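Each residue of the sequence shown is one higher than the one before, counting from 1 in my numbering.
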Amino acid sequence: MTIRIKHFFFLFLCIALSMPTIAQDINITPLPKQVKKLQGEYVLPHNLVIGVNKAGKEGRREAERFCNELKAATDLGVTLGKNKQAQIRLEKSKKISNPEGYTLHIDANGIDITAATEVGFFYAFRSLLKLMPEGVALGVRKTGMSYKLPCTDVADEPRFHYRGFMLDVSRHFFTTKDIKKLLNLMALYKMNYFHWHLTDDQGWRVEIKKYPKLTTVGATRHNSWNTDLRTGSYWTNQTYGPYFYTQDEIRDVVEYAAGLHITVIPEIEMPGHFAAAVTAYPEFSCDPAGKHGVWVDGGISTDVLNVADPKAVQFAKDILEELIPLFPAPVFHIGGDETPTTAWKANELCKQVYEKEQMSDFSQLQSRFTREIAGFLRSKGKRIAVWNEAITAKGAATDMIKETGATVFCWNPCQKGAEMAADLGLNCIITNWGGDGCYYINRRANQADFGAGRGGDNLRKMYDYWPVPATVSADKQTYYAGVQATFWCEHVSNMEHLEHLALPRLMGVAEAGWTPQEDKNFDGFVARMKKDVPMLREAGYRYHPQYIDYEGAEAK
Ligand code: ACM
Numbered sequence: 001m002t003i004r005i006k007h008f009f010f011l012f013l014c015i016a017l018s019m020p021t022i023a024q025d026i027n028i029t030p031l032p033k034q035v036k037k038l039q040g041e042y043v044l045p046h047n048l049v050i051g052v053n054k055a056g057k058e059g060r061r062e063a064e065r066f067c068n069e070l071k072a073a074t075d076l077g078v079t080l081g082k083n084k085q086a087q088i089r090l091e092k093s094k095k096i097s098n099p100e101g102y103t104l105h106i107d108a109n110g111i112d113i114t115a116a117t118e119v120g121f122f123y124a125f126r127s128l129l130k131l132m133p134e135g136v137a138l139g140v141r142k143t144g145m146s147y148k149l150p151c152t153d154v155a156d157e158p159r160f161h162y163r164g165f166m167l168d169v170s171r172h173f174f175t176t177k178d179i180k181k182l183l184n185l186m187a188l189y190k191m192n193y194f195h196w197h198l199t200d201d202q203g204w205r206v207e208i209k210k211y212p213k214l215t216t217v218g219a220t221r222h223n224s225w226n227t228d229l230r231t232g233s234y235w236t237n238q239t240y241g242p243y244f245y246t247q248d249e250i251r252d253v254v255e256y257a258a259g260l261h262i263t264v265i266p267e268i269e270m271p272g273h274f275a276a277a278v279t280a281y282p283e284f285s286c287d288p289a290g291k292h293g294v295w296v297d298g299g300i301s302t303d304v305l306n307v308a309d310p311k312a313v314q315f316a317k318d319i320l321e322e323l324i325p326l327f328p329a330p331v332f333h334i335g336g337d338e339t340p341t342t343a344w345k346a347n348e349l350c351k352q353v354y355e356k357e358q359m360s361d362f363s364q365l366q367s368r369f370t371r372e373i374a375g376f377l378r379s380k381g382k383r384i385a386v387w388n389e390a391i392t393a394k395g396a397a398t399d400m401i402k403e404t405g406a407t408v409f410c411w412n413p414c415q416k417g418a419e420m421a422a423d424l425g426l427n428c429i430i431t432n433w434g435g436d437g438c439y440y441i442n443r444r445a446n447q448a449d450f451g452a453g454r455g456g457d458n459l460r461k462m463y464d465y466w467p468v469p470a471t472v473s474a475d476k477q478t479y480y481a482g483v484q485a486t487f488w489c490e491h492v493s494n495m496e497h498l499e500h501l502a503l504p505r506l507m508g509v510a511e512a513g514w515t516p517q518e519d520k521n522f523d524g525f526v527a528r529m530k531k532d533v534p535m536l537r538e539a540g541y542r543y544h545p546q547y548i549d550y551e552g553a554e555a556k
């Protein structure tokens, strides 16, 4: 009996020792895959050397960036040198198999970083910056500080490759300065895809030189609605626009994002959510002689592209052709959600195609169009991404979508859409709209908020959601490519409101994308977010106070 207990104790000890220790209180978010707290602190000397002789060009480039970041935000003297003399030593290592992975070790002898790629070094430095005194990580300049770092051992890599954030700039427009501010935050929390929802019924927001009316007509609506109903009236009774990005501005943002290891995926909605486009060019609608208008309220317009008219399909292709060179991403999102078939049912050309191709549902006209656009994009070296309706809409021809190899962005029904995508052998991105998950981080977190939803889509509900349910079999799990926080702007027209709703849920989605599900811990996350509050405040970001405001943080 005694021997058995001893055995049991020994076994327990072995398991305990072999389990990586996850220190929830080390202030790195997303929580690393493995993070151990060691004894003591390391204080950065005032003249700091970063050793790069073993770093390869990848590590050297990131060391230069880190040097500049420290020079901008601290009064430390920083130079690059050899590992022998350095306090921060970099080594390019083939042992790190995940391209985004890295190790970071801090002890009394200094700091050692290994990675295999530029982005791996970038993420190692993001983690190191997160451990610096508040504000430094977001470039807030402070001098005369002591730069104490907790001794720590980190071995890290992301759970999912795709960790995204989508912003709708059609319903309300955000400047390139605003976008860059959001990209900075994404990069710090290791998010790597910015999904830019550039067009919708309520406004076309990107310059297309071949079709100038898209922005001279399509970027303006004659009325708009108030986003904060406390102001009283619903309608603003004011023209909204013209608001759009020039192609130079797009290039500038894409380049800025690439500098932060963020890929920009453009979304040009077609054939639905297309009222702004057919208002500019009614000849490509189902009713050229009819009345058209840039949509002035929330909701969905029935004024869609005439997918049975080859000239209209060419219009769509021309738009994409002009945009392709601006976006190096391998994927182009063409929307495809919430597309009414009303206009097709009343259009002679559409009815002819429907009959000739023996369709059983008018939504198959959309499947056929999506397949054609996917083929066009494939000929230009791009794959398509679509919203889940491409496969979940009643009557959709899923075999046609399967052929396209599309990535399916799953929002509603999210899990059902993901299951269907995986069954078709298509990758899916989880961005649950609400219900049990709420990755739609524009939705109201509580009753005091202004915006969409009923006020219950709070941080906890979002954080505790499992993007890949335990019931998904291992062979299907490989199709779950990642997670995305999605932000719609029907009810949000400025950065203050956006940040109030989006933060810190954005960081919660970042953690869902990076940290193994079993190591996520809401209390640990909240404690880390509380530590980030001073940094957010100093860098001029608002945040939602629920769960993370604490005594000493002034009410926002
Ligand atoms: C969506 O929320 N309509 C994709």
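We put the beta carbon where it would ideally sit given N, CA and C, even for glycine.
Since the model is a prediction, treat every value here as computed from it, not as a measurement.
Would you check whether the ligand ACM has a heavy atom nearer than 7 Å to the C-beta of residue i?
| i | result |
| --- | --- |
| E338 | yes |
| W295 | no |
| W433 | yes |
| W196 | no |
| W411 | yes |
| W225 | no |
| W557 | Residue 557 lies beyond the range of the chain shown here (1 to 556); nothing can be said about it. |
| W387 | yes |
Can you tell me the Cα-Cα spacing of residue i and residue j, whole angstroms?
| i | j | result |
| --- | --- | --- |
| P271 | T342 | 13 Å |
| A289 | D200 | 22 Å |
| Y234 | V294 | 18 Å |
| I262 | F122 | 11 Å |
| A16 | I22 | Only weak support exists for where A16 lies, its pLDDT of 40 falling under 50; the value from the coordinates is given anyway. If I take the Cα positions, the gap works out to 12 Å. |
| F332 | A474 | 28 Å |
| R443 | L188 | 23 Å |
| R542 | P534 | 11 Å |
| G51 | E118 | 15 Å |
| V43 | I106 | 10 Å |
| K556 | P545 | Low confidence applies to K556: its pLDDT is 42, below 50, so where it sits in the model is not reliable, and the reading given next is rough at best. Cα-Cα distance, rounded: 7 Å. |
| F194 | T339 | 24 Å |
| I268 | Y463 | 30 Å |
| R460 | E490 | 24 Å |
| R371 | G336 | 12 Å |
| L129 | R65 | 12 Å |
| K641 | F362 | Outside the displayed range of the chain (1 to 556) lies residue 641, so it cannot be described from this structure. |
| A276 | S170 | 10 Å |
| H292 | L365 | 22 Å |
| H172 | C286 | 27 Å |
| L426 | N432 | 17 Å |
| V253 | I384 | 21 Å |
| R4 | L536 | The predicted position of R4 is uncertain, since its pLDDT is 49 and thus under 50; a value taken from the coordinates is nonetheless stated next. In a straight line, the C-alpha of R4 is about 54 Å away from that of L536. |
| A396 | N521 | 39 Å |
| P325 | Y547 | 44 Å |
| N184 | Y147 | 22 Å |
| T478 | I111 | 35 Å |
Which residue's Cα is closest to the Cα of residue i: the options?
| i | options | result |
| --- | --- | --- |
| E62 | N432, W387 and R126 | R126 |
| Q202 | D156, D228 and G298 | G298 |
| E283 | T227, V313 and M462 | V313 |
| M145 | D75, K531 and E118 | D75 |
| M191 | D107, E511 and K210 | E511 |
| L320 | L349, G375 and H292 | G375 |
| K95 | G139, V78 and G120 | G120 |
| T143 | D248, Y211, H46 and D178 | H46 |
| Y465 | A124, F487 and Y440 | Y440 |
| L48 | N494, F173, E249 and C67 | C67 |
| K177 | Y256, S379 and G508 | Y256 |
| L349 | D318, R251, K311 and F487 | K311 |
| Q238 | D287, W225 and T103 | W225 |
| G434 | L536, G425, A445 and K57 | A445 |
| P467 | E207, P516 and I26 | P516 |
| L506 | M186, L138 and Y480 | M186 |
When the Cβ atoms of the region 383-395 are set against those of the region 415-422, are three or more pairs found closer than 8 Å?
yes
Hey, is the region 133-144 in contact with the region 452-468, meaning 3+ C-beta pairs nearer than 8 Å?
no
Are there three or more Cβ pairs, one per stretch, closer than 8 Å when the region 149-156 is compared with the region 68-85?
no
The region 525-534 contacting the region 492-501, beta-carbon criterion three pairs below 8 Å
no
Does the region 353-366 touch the region 404-419, meaning 3 or more C-beta pairs lie closer than 8 Å?
no
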